[in-house]
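The sequence shown runs 174 to 398 under this note's numbering.
Glycine included, every Cβ here is placed at the ideal spot set by N, Cα and C.
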Amino acid sequence: MPTHIDEAVKIILSKDSKLREITPIIYALPEKMPEGWTDLRRMRYLDHDLSAGRNIKRWLWRDYSSELILQQRPFDKYDDQSEIFTGIRHPLERWWSGIKDFMYFLPYYSWWTNEAIMAQWPHFHRATLRLHDIMEEVKPQHLIKVDGGIDQRLCNFARKHRLLFYGTLPHEKHIRHKRPDILKMEKIGERQLKQWLLKNPDYQKKLDDYLEPDWQYWNKVEDQE
174 MPTHIDEAVK IILSKDSKLR EITPIIYALP EKMPEGWTDL RRMRYLDHDL
224 SAGRNIKRWL WRDYSSELIL QQRPFDKYDD QSEIFTGIRH PLERWWSGIK
274 DFMYFLPYYS WWTNEAIMAQ WPHFHRATLR LHDIMEEVKP QHLIKVDGGI
324 DQRLCNFARK HRLLFYGTLP HEKHIRHKRP DILKMEKIGE RQLKQWLLKN
374 PDYQKKLDDY LEPDWQYWNK VEDQE
């Protein structure tokens, strides 16, 4: 009988799998804006960061509507062509966070020794995509640095651009960050993968080359207060 790992690997390698999908995800505000405000500005959100992105969507759901408008290709078919903002995280930190998320599907399995899986290296699912592949198609006007100061930074951004922002950025930790057993598994997997990369520098180079275009975006936001 197939194990959980067998089934997970089957899904990862399936031709029908959309785990590696890189289609831009753009959320527009609802057509009917909240009442009682006369100077609110419309803006769209390009979502590609699975950590801060969840909380940014929670902010928009809370202060605008639980029914944001998902725009799909071709993006120029929509009446709402307002400016776009997005979050930019340190490229390596983002990728390693995505890899640990990927490990959640393959707990305690040394998937980096599976040649079929490693044929996809270094992009396995949406959390490990490089932003450049999306940013070349959708060119957001506003880049926001994603780090420990994202709450105040996003609040300041909302005030500057006349967006609703009540209180603070809502937070809800992913199950990965709550359970000690998952955190332990991720820590072990990260250490083992880093050791493996030291012994297999060609794969480290592939990763560095893959992420290289993303540094241009990080350089633009690195000094944001």
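What span of residues does the beta strand (DSSP E) with residue i cover, start to end?
| i | result |
| --- | --- |
| L219 | 217-219 |
Let's see if you can read the secondary structure: which residues bound the alpha helix (DSSP H) around residue i?
| i | result |
| --- | --- |
| M273 | Here residue 273 turns out to be Lys, not Met, going by the sequence shown. Unbroken alpha helix (DSSP H) run through K273: 264-276. |
| W234 | 225-236 |
| K393 | 388-394 |
Mapping DSSP to helix, strand and coil, what is residue i?
| i | result |
| --- | --- |
| L316 | strand |
| Q325 | helix |
| Q244 | strand |
| T286 | helix |
| I198 | coil |
| G340 | coil |
| T301 | helix |
| G260 | strand |
| A181 | helix |
| R193 | coil |
| L279 | coil |
| N373 | coil |
| L213 | coil |
| Y251 | coil |
| D222 | coil |
| W294 | coil |
| P353 | helix |
| M308 | helix |
By alpha-carbon positions, which one of the options ends up nearest to residue i?
| i | options | result |
| --- | --- | --- |
| F297 | V311, L279, Q314, M308 | L279 |
| F248 | K357, R235, Y218 | Y218 |
| L336 | W234, K188, M174, D220 | W234 |
| F330 | H177, I242, A181, R214 | R214 |
| Y236 | W210, I355, D253, R352 | Checking the sequence shown, residue 236 turns out to be Asp, not Tyr. Here the closest residue by C-alpha is W210. |
| S187 | I198, D253, A289 | A289 |
| M308 | E398, V182, H350, D222 | D222 |
| W284 | E395, L366, Y383 | L366 |
| I355 | L243, Y277, Y251, N392 | Y277 |
| Y281 | R364, I257, R246, R231 | R364 |
| F258 | D220, A181, Q377 | D220 |
| P399 | D382, V182, E395 | No information on residue 399 is available, as it lies outside the stretch 174 to 398 that the chain covers here. |
Consider the Cβ of residue i: report whether some Cβ of chain D lies at a distance smaller than 9 Å.
| i | result |
| --- | --- |
| Q389 | Absence of chain D from the displayed structure is noted, only one protein chain being present. |
What's the gap between the Cα of residue i and the Cα of residue j?
| i | j | result |
| --- | --- | --- |
| Y140 | T286 | Given a span of 174 to 398 for the chain in the structure shown, any question on residue 140 remains unanswerable. |
| W388 | A292 | 24 Å |
| N228 | R262 | 14 Å |
| D179 | I361 | 21 Å |
| L342 | R332 | 13 Å |
| E240 | N373 | 46 Å |
| D189 | W268 | 24 Å |
| Q397 | P175 | 49 Å |
| H344 | Y376 | 35 Å |
Is the stretch 291-307 in contact with the stretch 189-197, if contact means three or more CB pairs nearer than 8 Å? yes
Contact between the stretch 201-209 and the stretch 313-324: three or more CB pairs below 8 Å? no
Tell me whether the stretch 250-264 and the stretch 377-395 touch, counting them as touching only if at least three CB pairs, one residue from each stretch, are closer than 8 Å. yes
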